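To start, the structure under review is shown below, and the notes come after it.
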Amino acid sequence: MRLISGPQGGRVVLDGTPVLLLCSNNYLGLADHPAVTEAAAEAALRWGVGAGASRLVSGTMTVHRRLEERLAAFKGTESAVLFGSGYLANVGVLQALASVGAGRTTIYSDALNHASIIDGCRLARAETVVYEHNDVEHLAWTMARRDPDPSAPKIVVTDSVFSMDGDVAPLVELLELCRRTGARLVVDEAHATGCTGPGGRGAVAEAGLEGEVDVVVGTLGKALGSYGAFAAASHEVVELLTNAARPLIFSTAPPPPAIAAALAALELLEAEPERVTALQAGADALRDELHREGFDVAGSTTQIVPLIVGDAALAMRICELAIEDGVFAQAIRPPTVPDGTSRLRLAVMASHTKDELREAARVLGRAALQAGFRPGSGGPVAAATPSSRGRVRAA
Ligand SMILES: Cc1ncc(COP(=O)(O)O)c(C=O)c1O
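Oh and the sequence shown: position 55 is 55 in UniProt numbering, straight run, nothing missing.
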């Protein structure tokens, strides 16, 4: 862990050195926005800093309910329910949905899904089948081969914006397949909420599927600048989650200041959608500048831009050299990403200026060459494989 002084802004002091922060998920810069921090402070004074117990034990607070109503409206669903974090939401949603199948459920999971989805499949104790990244044809073939009975309970689960590749799942095709096969579709919008789609409503909204997907998971800890998460779904599914999702039932509810902060952030996002436009423009600009430096960034269509170098030690070396030159872009290695695809995962923030992003691309180009890596000659770019064909573009 490296030490950052002050909030997660576009520029930070890292281990005593000023750097451009290019790897935080505080995409819209809302974590320390005055309206958000004031809402948290007021909530602490009004409701206290802790929720005291699980909401099923000691009752729910008005602030939690209010945020759930706002999130459901934002995501275009009948209802929503809060979880302690995105990790807990994915674990709880998969375990609860699979519990309906009484041991007969099969979960189909994209090969590049987040670790919390992988762990959710484990806790669900359901048979889990991994399909090739963004490959609906492979998924359909796998389903037909393993589970031809349309009445057998099935769940398909995918990130919408992939956290390490910045590409987008083919949601329209996935939903069509789910409808045909009777599978439930769970979409994790952790990196899409606040970042893509109309007004930042996410990739599901961008694909025109609001209210169609069985469960949409989102986190409050990334673009919404706080901590906690939610699942947005029909009344019926939210009722099921409330009564069956173990991380919701057996864990203290998220703290009122975090919930009030997320509520304030959501209000800001709705009132000022230009933040989302600025984020997307920044991501386009960064990709252009990196392309000019020779990097292959064609796989990303969002604010997450991976520079895939392959070797883990090489990725670390480039990261260290870039920090020395004023840019912090964390190196990501296995097991977070598949073997041979170590990378620098760049994450743009809405507050980054075009000049800052141009300079960052130059620094990264120099660092790569100095470390002995020629941009453009990198290892396999998962997001740019032919299997990502037909994906829904995010911006
Ligand atoms: C795709 C995805 N889902 C879920 C999570 C977990 O969210 P949280 O940080 O709120 O636990 C992450 C976190 O990085 C993520 O990338």
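Cβ coordinates follow ideal geometry from the N, Cα and C atoms, glycine included.
Here the structure is a predicted model, which is why all the values come from computation and not from measurement.
- Membership of T277 in the alpha helix (DSSP H) is indicated by the continuous run E274 to R292.
- The straight-line gap separating the alpha-carbon atoms of P254 and L82 is approximately 8 Å.
- Under the 10 Å beta carbon count, W47 is surrounded by 16 or more other beta carbons and is classified as buried.
- Exclusion of the five residues before and after S351 leaves G10 and G29 as the residues of its chain whose Cβ lies within less than 6 Å of its Cβ.
- DSSP, read as helix, strand or coil, puts L209 in coil.
- The alpha-carbon separation between R287 and D355 amounts to approximately 13 Å.
- Look at K75 here: in three-state DSSP terms it is helix.
- Around the beta carbon of S151, a 10 Å sphere encloses fewer than 16 other beta carbons of the protein chains shown; the residue is thus reported as exposed.
- In the structure shown, P153 falls within a coil segment according to DSSP collapsed to helix, strand and coil.
- Ranked by Cα distance from R145, the first of V129, E212 and V157 is V129.
- By the criterion of a C-beta distance shorter than 7 Å, A367 is surrounded in its chain by I318, L321, A322 and D325, once the five residues flanking it on both sides are discounted.
- When Y27, G372, T17 and Y108 are compared, the shortest CA-CA separation from A192 is found for Y27.
- DSSP lists G310 as the bridge partner or partners of S342.
- For G221, the shortest separation between its Cβ and any heavy atom of ligand 1 lies below 7 Å.
- Judged by their CB atoms, A231 and G200 are not nearer to each other than the 8 Å cut-off.
- Leaving aside the five residues that flank A244 on each side, the residues in its chain whose CB is nearer than 7 Å to its CB run, in chain order, A96 and S99.
- Three or more beta-carbon pairs separated by less than 8 Å link the region 3 to 19 to the region 30 to 38, which places the two stretches in contact.
- Under the three-state reduction of DSSP, L248 is assigned to helix.
- Excluding sequence positions up to five before and after G221, its CB lies within less than 6 Å of the CB of Y227, all in the same chain and listed in chain order.
- V49 and T60 have their C-alpha atoms some 14 Å from each other.
- Secondary structure of S85 (DSSP, three-state): coil.
- Using a Cβ-Cβ distance cut-off of 8 Å, the region 168 to 176 and the region 271 to 279 are not in contact, since fewer than three pairs of beta carbons, one from each stretch, lie closer than that value.
- Where A44 is concerned, the enclosing alpha helix (DSSP H) starts and stops at P34 to W47.
- Per DSSP, reduced to three states, the secondary structure at L22 is coil, with no helix or strand assignment.
- If you draw a straight line from the Cα of S234 to the Cα of E212, it comes to about 9 Å.
- Here Y131 is not near D159, since their CB atoms are 8 Å or more apart.
- Per the coordinates, the alpha-carbon of G182 lies some 13 Å from the alpha-carbon of G101.
- Look at D110: its beta carbon is at least 7 Å from all of the heavy atoms in ligand 1.
- In the structure shown, G218 adopts extended strand secondary structure according to DSSP, grouped into three states.
- Only exposed fits S58, as fewer than 16 other CB atoms lie within 10 angstroms of its CB.
- For R184, the pairing in a beta bridge is given by DSSP as I155.
- In its chain, beyond the 5 residues on either side, V63, P256, P257, I259, A260 and A261 have a beta carbon closer than 8 Å to the beta carbon of A43.
- For the set A329, V337, V216 and R343, the Cα lying nearest the Cα of E78 is the one of V216.
- Taking C-beta separations shorter than 6 Å and ignoring five residues to either side along the sequence, the partners of L88 in its chain run P247, following chain order.
- If you draw a straight line from the Cα of N90 to the Cα of V297, it is about 29 Å long.
- In terms of Cβ geometry, D149 and L185 do not form a close pair [threshold 8 Å].
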